[in-house]
Amino acid sequence: IRGELLTGWQESLPADAPNHFLIDVLPGQVEPLRTFLADRGQPAVQVHPMVRARLAGINGAPVSAADYDNPRAKRLVRRTFNLSWSEQMPPANSLAEGRWWRPERATGQWSVARGLAQRLGIEVGDRLEFRIAGEPVTGTVVNLRKVDWDSFRVNFFVLGAPGMLEDYAPTYITSFYVPPERRTLLPALVGRFPNVTVIDVDAVMQRVRTIIDR
1312 IRGELLTGWQ ESLPADAPNH FLIDVLPGQV EPLRTFLADR GQPAVQVHPM VRARLAGING
1372 APVSAADYDN PRAKRLVRRT FNLSWSEQMP PANSLAEGRW WRPERATGQW SVARGLAQRL
1432 GIEVGDRLEF RIAGEPVTGT VVNLRKVDWD SFRVNFFVLG APGMLEDYAP TYITSFYVPP
1492 ERRTLLPALV GRFPNVTVID VDAVMQRVRT IIDR
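Each number in the numbering used here corresponds to the 1-based position in the sequence shown with 1311 added.
So, in structure tokens, the structure goes:
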């Protein structure tokens, strides 16, 4: 049954759904990476900034895994979040509650994935504090987003408004589709950008299928 569910889910994805992720891209590599992919016939990719942070407080109260009974919520509180920022609503996201920000008035605002908000008891209007390299960053939750995680696009639990996170050293992440006949670009990409980590989604899914079969 699990194998059939996996097959059905994969068949429901668009033919060009991203099947590779690149992480740990450095700021100075973003444009060279875009050029590298374009020169090899890849469509233009969206590259997203990302900074790592820990959730430190909600409405002025410290956050601890001990505050939650749900195991999933405990893991979320203990984890390091990858935060990003965006002027526009990302693809594969839709507004579930609240309002999207106006970039010129968006200082100190968060957008939170609805599933995360439900597990941690976060509501529109709450004040969240994250710590980035020990420095506090605080803002108000102005909207909750419904996120289509099955799209294989890059998505984030928490987005900051423009201007909140740009001063912290980001790395970049992207996802894109590589057709079978063009997979030879991947070894060349690793050779050109040796610090970048390539996640082959097709290989991961094949591994999952093998485990299920066993």
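For each residue, glycine too, the CB sits at the ideal point set by N, CA and C.
| Query | Result |
| --- | --- |
| Using only the alpha-carbon positions, how far apart do residue 1443 and residue 1426 sit? | 23 Å |
| Within 10 angstroms of the Cβ of residue 1398, are there 16 or more other Cβ atoms? Answer buried if so, exposed if not. | exposed |
| Per DSSP, residue 1486 is paired with what? | 1332 |
| Tell me, please, which residues DSSP counts as bridged to residue 1469. | 1423 |
| For the candidate residues 1374, 1362, 1340, 1487, whose alpha-carbon lies nearest to that of residue 1325? | 1487 |
| Is it true that the stretch 1479–1497 meets the stretch 1344–1360, where meeting means three or more beta-carbon pairs spaced less than 8 Å apart? | yes |
| Got a sec, what are the start and stop residues for the beta strand (DSSP E) residue 1508 sits in? | 1508–1511 |
| Using CA atoms only, rank isn't needed, just tell me which of 1469, 1455, 1521 is closest to residue 1435. | 1455 |
| Got a sec? Which residues, its chain only, sit under 7 Å from residue 1360 by beta carbon, not counting five neighbours each side? | 1395, 1396, 1481, 1483 |
| Indicate the three-state DSSP secondary structure (helix, strand or coil) for residue 1441 in the structure shown. | strand |
| Give the range of the alpha helix (DSSP H) segment to which residue 1502 is assigned. | 1496–1503 |
| What's the C-alpha gap between residue 1365 and residue 1389? | 8 Å |
| Can you tell me which of the three DSSP states residue 1343 falls into? | helix |
| Please go through the same chain and pick out, in chain order, the residues whose beta-carbon is closer than 8 Å to the beta-carbon of residue 1509, but skip the five residues on each side of it. | 1331, 1332, 1333, 1497, 1500, 1501 |
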